[in-house]
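Using the working numbering, you'd call the opening residue of the sequence shown number 2 and step up by one each time.
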Amino acid sequence: MENQITAYVPQLDWSQIAPFAILILGGLLVLALDALLEILVKGITPQRRDGILTWVTGGALFVSGALFYGDTAGSGSRPFFEGALRADEFANLGAVVIMFGSLVFVLMSPRLIRDRKLPAGELYALLLFAVSGMALLTVANELITAFVCIEILSL
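See the structure below:
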C-alpha cells in the first residue's frame, strides 16, 4: 500500500480579492514609475512625472471603487479568504465611500504637491497602501484580521 500525501489547497475567489490587489499593485506600480520614469523617459519634467503618477493613482482608485460598487448590489454576505474576510453590501458601500474620498484627495493634491514640493510618488504610494488597509478593514471578519488591517492602514 502506497502512502498518499494529501494537501489542502485554499480556494480563492479572485473576483473578491481583485479590488485589494489592484490597490496594492497600484501602489507598487507608482513606486516603480517614480523611480524609473526619469531613466525610461529622458528629459521628463517633474510636472509631467507627477501628472502621470496622479493618473495612475486615480485609475487604481477608480477601478477598485468600480469593482467594489459592482459587488454592492444583491451579493449577500459571503466569507472569503478562509473566513478571515466577509463581504456584504454594507462593507462594500464603506469601501466605495473610502475610494471616493481618496479619489477626491488625488484630484485636489497636485497643487498641494507643487506648493509644498512633496514627493508625489511616495505620497501616492502611501495613499494607495493606506486605502488598501482601510478597504480591508471594512471586510475584516476576525479580530486579528482587523488588527493587521489597522497596521497596514497606519503605514
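Glycine included, C-beta positions come from ideal geometry on N, C-alpha and C.
{"query": "Is the segment 34-46 close to the segment 98-110, with three or more CB pairs under 8 Å?", "result": "no"}
{"query": "DSSP state of Phe82, grouped into three classes?", "result": "coil"}
{"query": "Could you tell me whether the Cβ atoms of Val98 and Val57 are closer together than 8 Å?", "result": "no"}
{"query": "Write down every uninterrupted run of the alpha helix (DSSP H) in the segment 36-123 whose length is 4 residues or greater and which is fully enclosed by it, in chain order.", "result": "47-71 and 90-117"}
{"query": "Please report the straight-line C-alpha distance between Leu86 and Ser78, rounded to a whole angstrom.", "result": "10 Å"}
{"query": "Can you tell me which of the three DSSP states Ala8 falls into?", "result": "coil"}
{"query": "How many Å lie between Leu128 and Ser103 at the Cα?", "result": "8 Å"}
{"query": "Count the other CB atoms, across all protein chains shown, that sit within 10 Å of the CB of Ser155; report buried if there are 16 or more and exposed otherwise.", "result": "exposed"}
{"query": "Should the segment 60-70 be regarded as contacting the segment 13-23, the criterion being three or more beta carbon pairs within less than 8 Å?", "result": "yes"}
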